[in-house]
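Below is one structure; the comments refer to it alone.
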Amino acid sequence: MPLRDLDDCFEGVIPSIIATTAADGTPNISYLSQVVMVDDAHIAISNQFFAKTAANIRANPHACLLLVSARHGGQYKLDITWVSSRDEGPLFKRVADHLRASSAQVGMAGIMRLKAIDVFRVDDIVPVVSPAGTDHAGDASPAPDLAVLGQVMKTISAQSDTEGVMGAVLDGCAQLGFPHAIVLQSDPIRRLLTTVVSRGYGRSGVGSEVAFDEGLIGIAAVTRRPVKVNDLSRIRRLGNAIEAASPADENRTRIIVLPSLPDAMSQMAVPMLAQDTLRGVLFVESSERIAFRTAHETTLEMIASQCALALALCEALVPDARPSVLRTVPGLPDDRVIHVTHHAVDDSVFIDNAYVIKGVAGRLLAYMLGVYINEGRNAFSNREIRLAEALRLPEIKDNLETRMLLLRRRLGEKNLPVQLIHAGRGQVRLVVDGVPVLMRAG
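The sequence shown begins at 4 in the numbering used here and counts up by one.
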């Protein structure tokens, strides 16, 4: 039996048991909360909390490991032989990152730090026969269809702008069995990830933020590795302490709540990397236990990578686009007044006392409204925005297209009298229904 067939035994849902013997033959049994599959022939465990186990395997490298399937409860006895102990290197970092993610989910971030791991060779795998019988077929989530995945990859790569890329990614996720998905953009200066688009939720959460190192999403960003949890019934959900927020709460706290499934049981976050640069994180979740296996993780990694590359290409092509004719508004309408407040301390923007956005996106909106009021101009190009000294934007040399999409989506979702529309590659236009009055505050 191949080790890879025991995929759902390595989710940390049901503790494993390791049996070792001392030099004099005295047996010892320890429960392991997490066993990591290294490859088709090796597994690894943390040795920092099991002094007796660590001592025994150095006296007698042969041990026995009992694994339990989190999906159907089937048990497997593995004959294993200790190979080495490691406290550095790629494998150690991989296991440490996994432990770090699990610790963060239970509110113990920074407490459980991995010191070393023990690596074992798997010599034999024997299913344990149950008197009651076990349905080993269970109800495993079907592996994603490779033909569908291939078509999704082609569709993403064919898009010519950021909005098209994001839409293709969400469509592809749905086609491949991930109906609840969020794409977040990386902001390395503020060490935050911001929701740009989402699918499958009651509210989009556009503009919601997750700090680097916070929960699965933040840890995926920091470690640049996929992170998944397949049984949220026994750990704290991301955002569990955040109650459902109303628009009034947003106005008071300036915090947009990340969308989430109230009954989520499985979650996975995958970094979006292009040439070793973090573009964002792709996050999916499901109400089913053990919903995401290795095949699903690999599929999502491929989508995330394709998304990152497509976004980078869209950004690279924008400066070569033909500049738009910057339109001048013939005369500002003389109907209702639109009150806009820009707070410099965090670049948050309120329109008619309703919180809109903060950070770089807020600064962009305030800049465009200022130009609209002072110059009567409503058309803007990315080139102009990048070069505008008043914006102080050296940190957004990249990702400007994505930030503009985020701002457009947020304004549209709030149904405000100020809207931003796409006017061609690298070009946007303000649509203002009234007379904006911009007030600067601290």
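For glycine and all other residues, C-beta sits at the position ideal for the given N, C-alpha and C.
Just how far apart, CA to CA, sit residue 324 and residue 434? Any reading at residue 324 must be qualified, since the residue scores a pLDDT of 48, below 50, and its modelled position is unreliable; no value is offered.
- request: Grab the span of the beta strand (DSSP E) containing residue 280 for me, first residue to last.
  value: 280 to 289
Note to self: Could you check whether the segment 200 to 210 touches the segment 183 to 190, counting it as contact only if at least three pairs of C-beta atoms, one from each stretch, sit closer than 8 Å?
What the structure shows: yes
>> Just verifying my parser: in three-state terms, what is the DSSP assignment at residue 247?
In response: Low confidence applies to residue 247: its pLDDT is 48, below 50, so where it sits in the model is not reliable, and the reading given next is rough at best. Coil at residue 247, not helix or strand.
Quick check: residue 144 and residue 267, are their CB atoms within less than 7 Å of each other? No, they are not a contact pair.
Can you list, in chain order, the stretches of the beta strand (DSSP E) that have 3 or more residues and sit fully within the segment 42 to 122? 45 to 49, 65 to 71, 78 to 89
For this session: Compare the C-alpha of residue 193 against each of 174, 213, 154 and name the closest.
Result: 213
*Exposure label - residue 431; buried when at least 16 CB within 10 Å*: buried
### residue 13, DSSP secondary structure in three states
helix
**Asked** Going by alpha carbons, who is nearest to residue 264 out of 288, 211, 88?
**Response** 288
Taking the CB atoms as reference points, tell me whether residue 69 and residue 128 lie closer together than 7 Å.
no
Under DSSP, the beta strand (DSSP E) around residue 358 begins and ends at which residues? 357 to 360
| request: Name the two residues that bound the continuous beta strand (DSSP E) containing residue 212. | output: 212 to 214
* Asked: With which residues is residue 127 paired in a DSSP beta bridge?
  -> 82
Where does residue 293 sit, in a helix, a strand or coil, going by DSSP?
coil
Would you check if the distance between the CB atom of residue 360 and the CB atom of residue 413 is smaller than 7 Å?
-> yes
Check whether the Cβ atoms of residue 277 and residue 311 lie closer than 7 Å to each other.
yes
request  = Please list, in chain order, all residues of the same chain as residue 36 whose beta carbon is under 7 Å from its beta carbon, the five residues on each side excluded.
outcome  = 15, 18
In terms of residue numbering, what span does the beta strand (DSSP E) encompassing residue 198 cover? 195 to 202
(message) Helix, strand or coil for residue 252? Go by DSSP, reduced to three states.
(response) helix
Could you have a look at residue 19 and say whether DSSP puts it in helix, strand or coil? strand
Review point. Among 12, 394, 297, which residue has its Cα nearest to the Cα of residue 74?
Key: 12
Using 7 Å as the threshold, is the C-beta distance between residue 230 and residue 222 below it? The answer is yes: Cβ separation under 7 Å.
query = Which residues bound the beta strand (DSSP E) around residue 192?
reply = Taken as a continuous stretch (DSSP letters only), residue 192 belongs to no beta strand (DSSP E), as it is neither H nor E.
message = Just to confirm the assignment: which complete beta strand (DSSP E) runs, minimum length 3, are found wholly within the segment 385 to 421?
response = none
Thinking C-alpha only, which one of 169, 306, 57 is nearest residue 86?
57
Could you give the residue range of the beta strand (DSSP E) that holds residue 162? Neither: residue 162 is in no beta strand (DSSP E) and is coded neither H nor E.
* heavy atom of the ligand ZN below 6 Å from residue 16 C-beta -> The ligand ZN is not part of the structure shown, which contains no ligands of any sort.
Subject >> Under 7 Å between C-beta atoms of residue 282 and residue 189 >> reply: Yes; because the gap between Cβ atoms is below 7 Å, this pair is in contact.
Q. So which of 309, 381, 378, 116 has the shortest CA-CA distance to residue 156?
A. 309
Is it the case that the Cβ atoms of residue 121 and residue 48 are separated by a distance below 7 Å?
yes
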